[in-house]
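The sequence shown begins at 828 in the working numbering and counts up one residue at a time. Structure record follows, encoded as structure tokens.
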Amino acid sequence: MRFHVAIVLSAFLTGPVLAEKPSIDDLLADLGRDTPGLTFGVVRDGELVYSTSAGMAGLTHSRPFRVETVSNLGSTTKQFTAFAVALLAERGELSLDDPVSKYFPDLPDFEHSVTLRHLLSHTSGYREMLNTLALAGVRLEKGDYIGHDAALDVVRHQPALQNRPGESWNYNNTGYVMLARVVEQVSDKSFGDFLDAEVFTPLGMENTELRSETGQIIAGRAAGYNPTETGFREVRDLSGADGAGGLYSTLSDMARWMDHLGEFSIGGQAVREMMTTPYVLNDGESTEYGMGLFIDEIEGQPRWHHGGADMGHRSVFVYYPELDSGYMMLSNHMGLAGALPRRMAALFFDFLAEAEPGDASDASSDGDSFDPGSLTDEQLERLTGRYELEKMPGFILSVFVEDGQLNVQGTNQPAIAVQATSPITFTAESVGARFEFHVADDGTVPALTLHQGQSLKAQRLPDEDTEAPILTDYVGRYYSPELETVYTLSVEDGALVLDHRRLRQLPLAPVQDDTFTGAFPVVNVRFERGEDGAVTALYAGNGRTTDIKFARWAE
């Protein structure tokens, strides 16, 4: 089921591309009466000049997803949270350099001070609340409820910062939930009421609303769905994370917001500069993240953007300030191909058709002229091996050749065939990723970089040891005071298994000495030994949350 509304886009839509517009139907062919859906739109000069929708907003009552359907923005909400803080800063009601302790005096007195600016830029060093709660056994995908104090509770129990504030960028929902609470303290209004009075009403965003409780009724909203082996499963919205997410909106309302980004009629140039200036780390490296928006470029075109994913919803918001144009997608289908919005947008923005699926600006100069069939078996084989993500210890990208085809397989994920765009760059369009291999002067390949929304470097691991670890060394019970959680380690059928009362049994695979990897939420485990060589503790993590200590209980 599909609905189209279109107006000719003469400035950035060429004749040949217009002729290809019906291929949007091909891109949306898998969305129908028995699937969740989406709505997609293109904005030019503040006007929604093209929109379409497909699939269903509600499978229970066969309710179609229409252009005006209200859907969960997920993390696209963050730009509104950042705007609220910037607006209060512009008015002199707070400072971005205020210490967080000014608003939350009961938090631990960490070695280094964390400021509101650190929260806004994802550089605070606080643990990621959702990943941390998952390690404690909270099953968000099963609808577990978390309260409004969850983010603060995570920080209250944190023994030390994960990094010195401003030292590294680590996407963090905790900080944005805290920022919403700061807005409430300073304005003396609920976060939703502040946004309604200061943003939504002035901009005419009549169908945008903060859903601060999972039971709150949002008229006409799209229900969220996850794909399973037996069909789609309706899932509850994430609770306790408003500020990091929680907004429901429509395509038309988000077009009004995009129009506002073109001129910042509320807040003016000062707020624009705050939101769109990339944060610079302590070492001088730019993060390509401003306040609630990624700030970068694609094919030389400046871009402000953010995506969102709640438990059963997704969104994409992309604005090109020099064109005063952009595109948006709202969806209730968590199984949607990540590259789909960009592929649809490429029918309207010529430069996107030239971009790599991974959206990396440093694509190979070989481009479309490269013949993948020209790669020899020797060239492919030198790329094979195991590569560990630097920012996610224990997460391994295994690269191998099968039937002459290069494949990449992430830890506990299916293998993906990748297509060569040069001898050292490969794309996986199904997941919107690009892999760039780094070749040393001696011809070896010590590392690769995964480009997928951000650039993540992975170092090649040495060949696996022939001597297997003695798994019985790790057997026992381990307790984390931070999470108030017990993990039990045992050996079953020759494999090390981690057990928790609320998590399924998780097999752990050896990576290096005393280091193992598993499935989310326990992605990486590192064991610690005492002077006598006996295992005394383990440290668990999953990317955004790292090194939570579990001490081994004496038997």
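Ideal Cβ placement from N, Cα and C applies to all residues, glycine included.
Considering only the beta carbon of each residue, do residue i and residue j sit closer than 8 Å?
i	j	result
S951	V941	yes
Q1286	A1274	yes
A1242	N1234	yes
Y1154	G868	yes
L1333	A1322	no
S898	L1157	yes
L1022	F907	yes
T1035	L1074	yes
T1342	V1350	no
V870	S1079	no
M1032	R1083	yes
E1126	F1059	no
T904	G1072	yes
V982	L934	yes
L1325	L1310	no
A1164	A1173	no
L1288	R1213	yes
V1228	L1202	no
Nearest CA to the CA of residue i: which residue from the options?
i	options	result
G885	T879, K905 and D861	D861
M1085	E994, V1318 and R1130	R1130
L1037	L1333, D857 and D1020	D1020
D1359	D1110, P992 and D1300	D1300
P1168	D1080, D1151, V1143 and N1109	V1143
R1379	T1315, D1110, S1282 and G1127	T1315
E1061	L1179, H1160, S1017 and M1101	H1160
Q1128	L1283, E1149 and G1117	E1149
S889	P863, L1310, K905 and T903	P863
S1017	V1324, G1200, G1070 and V1228	G1070
L1283	A1295, L1325, E1215 and P1296	E1215
R893	M1081, D976 and G1047	G1047
E1040	G1111, D976 and V1302	D976
Go ahead and pull the three-state DSSP assignment for residue i.
i	result
S1152	strand
Q1279	strand
K1376	strand
M1005	helix
R1048	strand
N1100	This sequence places Glu at residue 1100; Asn is not what is there. Here E1100 sits in helix by DSSP.
A1361	coil
G1368	strand
G1185	Model confidence at G1185 stands at a pLDDT of 45, short of 50, so the residue's coordinates are unreliable; what they give is reported in the following sentence. DSSP places G1185 in coil when its eight states are reduced to three.
F1264	strand
Q989	coil
Y1301	helix
K1218	coil
T1057	coil
G1200	helix
W1131	strand
M1171	helix
H1160	strand
L1233	strand
Once the 5 residues before and after residue i are set aside, which same chain residues still bring their CB inside 6 Å of it?
i	result
L1365	Y1305, V1352, F1354 and F1377
E895	T1077
G970	R1063
A916	L923
L1088	Y1146
L1210	V1226, F1264 and V1272
R1331	none
Q985	R954
Can you list, in chain order, the residues of its chain whose CB lies under 8 Å from that of residue i, leaving out five sequence neighbours each side?
i	result
F1091	V1098 and R1099
P992	H939, S940, V941, T942, H945, T950, S951 and G952
L1108	T950, G993, E994, S995, W996 and T1114
E1011	S1017, F1018 and F1021
Apart from the five residues just before and just after residue i, which ones in its own chain have a Cβ nearer than 7 Å to its Cβ?
i	result
E1115	P1105, F1121, I1122 and D1123
L978	Before going on, a small fix: residue 978 reads as Ala here, not Leu. Around A978: M956, T1001, V1004 and M1005.
D1374	Y1366 and G1368
E1056	none
M1171	I851, L854 and F867
A998	It is worth fixing the name first, because residue 998 is Tyr in this sequence and not Ala. Closer than 7 Å at the Cβ level, and outside the excluded window around Y998, lie H949 and R1371.
Q1232	A1244
If you measure from the beta carbon of residue i to each beta carbon in chain B, is any gap under 8 Å?
i	result
L1316	Protein chains in the displayed structure number just one, and chain B is not present.
Taking 7 Å as the cut-off, is the CB of residue i close to at least one heavy atom of the ligand GDP?
i	result
R1169	Absence of the ligand GDP is noted for the structure shown, with no ligands found whatsoever.
Could you tell me whether the stretch 1014-1029 touches the stretch 1128-1140, where touching means 3 or more Cβ pairs closer than 8 Å?
Touching, no, given that fewer than three Cβ pairs across the two stretches are closer than 8 Å.
Do the stretch 912-930 and the stretch 957-964 touch if we need at least three Cβ pairs shorter than 8 Å?
Contact between the stretch 912-930 and the stretch 957-964 is absent, because fewer than three Cβ pairs lie under 8 Å.
Segment contact flag, the stretch 869-877 with the stretch 1051-1069, C-beta cutoff 8 Å, min 3 pairs
Because the criterion of three Cβ pairs below 8 Å is not met, the stretch 869-877 and the stretch 1051-1069 do not touch.
Report yes or no: do three or more beta-carbon pairs, one from the stretch 971-978 and one from the stretch 924-940, lie closer than 8 Å?
Counting C-beta pairs with one atom in each stretch, the stretch 971-978 and the stretch 924-940 have fewer than three that are closer than 8 Å, which means they do not touch.
Could you tell me whether the stretch 1216-1223 touches the stretch 1235-1243, where touching means 3 or more Cβ pairs closer than 8 Å?
A contact exists between the stretch 1216-1223 and the stretch 1235-1243.
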